[in-house]
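Protein chains in written order, with this note's numbering: chain A, -12 to 218; chain B, -12 to 218.
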DNA sequence: TGACGAATTGACTATTTAATAAATAATCAA
DNA sequence: TTGATTATTTATTAAATAGTCAATTCGTCA
């Protein structure tokens, strides 16, 4: 009966009264939120346990101590964050097919820049809480920061800088400018609204997270970059 | 003797063994550092006291509790932060003399933008730790954030947006763009290196605080803005 | 000089919070 | 069914940290 029952359970997906993995996940989810909102020192294991509807002792059972929980949150997040930017860039002919004959015209350049901006905006929109969490690690000179950036932003940055450099040598991009600085500017323009929401709202009372604002932002950033790059 | 002695003290500036104001200042200085580095929850009153070479009890004597100390730090900082940006902008003919006949040429526009960028870069370079501190207040929807931004960034933002709007109506600035977005972009480009030092260093191993990088950054930002604004 | 008030000190308390340990209940495999 | 393993709960401990209090020292002024 037990074997049969467990089969039925698995088949009908009856949730068992006890499920370590599920509890672990709930704890990680709750911890992710709590760390993002309060920072590492401000986060309370009690609050995390309540939010996860679990006992505080389970935190220690599964993750050892608070630091362990923090590391687990980051580990999971970093693993989940494979460089999505790549996919978008791959589809841009000029970015993906550097080996082949790339069309060297401005529309293609614009497509590259737009893909870059879209990838960045999406990244920051999705991972703003994660960035807030990882800051604790970053201040401690932690390895997760490096790992995260290496996995996500760096490949995109490198491809774009490389491609822009090529285009610059071929005369499609204005000469005499440092394309790395241009990329940093794009990063900045994309990230700023998510980083500095509270400040920005005082300057300009508008729904910074709203689609309207962000759509306008995307156009603004692409146009700005193009104005800078085009000869 | 006492009166004479105190006169001598004041004259020669002999530091008295006990000086409430001086101690208060040392505590505030130490607290400012500690809050900036560790955040509110992570800051330790003990560490602050040690750094200030004072007793922890004095914190409570002068500021009541931890929250009071935090408020005192912010109050002092906000009061010390009068809108310096104004001064720089005043000196720019096109920004300061809006009433009079302003020269409507591109060099004048460039001067305005450059003054704007210089003011912003200086602000962020000087106040990066303060911004880190105020974030605790900002998350709590605190009044200090609003006060700080209102005192510092907002007047500059408003003047620049207003001036650019004028110039746009007069045809000096390209029509059809939202100058507020341009200003947000400039803010972003100026702030990013200070906000995201740890991230940026992974992308581009360079001394982000160094004069070389920042000088290049200033040129980059001004040129970018001009490329966007010029018709 | 002496008294008063402010600054300072050190010992102490209260509270919060992370961490542990032991007991109980569910699950799974043989 | 049974025994082992794992998940969960309850109670308790240990450590860190904010906050209090009374005693003491020092500067100032009558």
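For glycine and all other residues, C-beta sits at the position ideal for the given N, C-alpha and C.
Quick caveat: nothing in here was measured; it's all calculated off a predicted structure.
Extent of the continuous alpha helix (DSSP H) to which residue i belongs
i                      : result
residue 210 of chain A : 198 to 216
residue 29 of chain B  : 7 to 29
residue 33 of chain B  : 32 to 38
residue 55 of chain B  : 53 to 67
residue 43 of chain B  : 43 to 50
residue 189 of chain A : 184 to 190
Residue j beta carbon less than 9 angstroms from that of residue i
i                      : j                      : result
residue 93 of chain B  : residue 217 of chain B : yes
residue 62 of chain A  : residue 117 of chain A : no
residue 111 of chain B : residue 173 of chain B : no
residue 213 of chain A : residue 100 of chain A : yes
residue 165 of chain A : residue 207 of chain B : yes
residue 40 of chain B  : residue 189 of chain A : no
residue 151 of chain A : residue 160 of chain A : yes
residue 171 of chain B : residue 180 of chain A : yes
residue 108 of chain B : residue 177 of chain B : yes
residue 21 of chain B  : residue 65 of chain B  : no
residue 29 of chain A  : residue 119 of chain A : no
residue 18 of chain A  : residue 45 of chain A  : no
residue 24 of chain A  : residue 126 of chain B : yes
residue 175 of chain A : residue 115 of chain B : no
residue 132 of chain B : residue 124 of chain B : yes
residue 13 of chain A  : residue 105 of chain A : no
residue 167 of chain A : residue 211 of chain B : no
residue 183 of chain B : residue 182 of chain A : yes
residue 50 of chain B  : residue 58 of chain B  : yes
residue 96 of chain B  : residue 60 of chain B  : no
Partners in chain A for residue i, counting only beta-carbon separations shorter than 7 angstroms
i                      : result
residue 185 of chain B : 125, 132
residue 176 of chain B : 172, 175, 176
residue 49 of chain B  : Within 7 angstroms Cβ-Cβ: nothing; residue 49 of chain B doesn't reach chain A, min ~24 angstroms.
residue 137 of chain B : 189
Residue i: contacting residues in chain B (beta-carbon distance under 7 angstroms)
i                      : result
residue 211 of chain A : 172, 211, 215
residue 66 of chain A  : Within 7 angstroms Cβ-Cβ: nothing; residue 66 of chain A doesn't reach chain B, min ~18 angstroms.
Cross-chain neighbours of residue i in chain B, by beta carbon under 8 angstroms
i                      : result
residue 25 of chain A  : 28
residue 157 of chain A : Within 8 angstroms Cβ-Cβ: nothing; residue 157 of chain A doesn't reach chain B, min ~20 angstroms.
residue 203 of chain A : 165, 168
Amino acids of chain A, ordered along the chain, whose beta-carbon sits closer than 9 angstroms to that of residue i
i                      : result
residue 141 of chain B : 189, 190
residue 63 of chain B  : Simply none; closest approach about 20 angstroms.
residue 13 of chain B  : Correct list: empty, because the minimum Cβ distance to chain A is about 24 angstroms.
8 angstroms Cβ cut-off: residues of chain A touching residue i
i                      : result
residue 110 of chain B : Here the premise fails: no neighbours, minimum Cβ distance about 12 angstroms.
Residue i: contacting residues in chain B (beta-carbon distance under 9 angstroms)
i                      : result
residue 207 of chain A : 164, 165, 168, 169, 171, 172, 215
residue 179 of chain A : 171, 172, 174, 175, 176, 178, 179, 182
residue 144 of chain A : 190, 191
Residue i: CB within 8 angstroms of a non-hydrogen atom of the ligand SAM
i                     : result
residue 46 of chain B : Absence of the ligand SAM from the depicted structure is noted, as is the absence of any ligand whatsoever, leaving it without description.
Return the chain-ordered ranges of every alpha helix (DSSP H) run that is complete within the stretch 94 to 175 of chain A and spans a minimum of 4 residues. 130 to 138, 140 to 156
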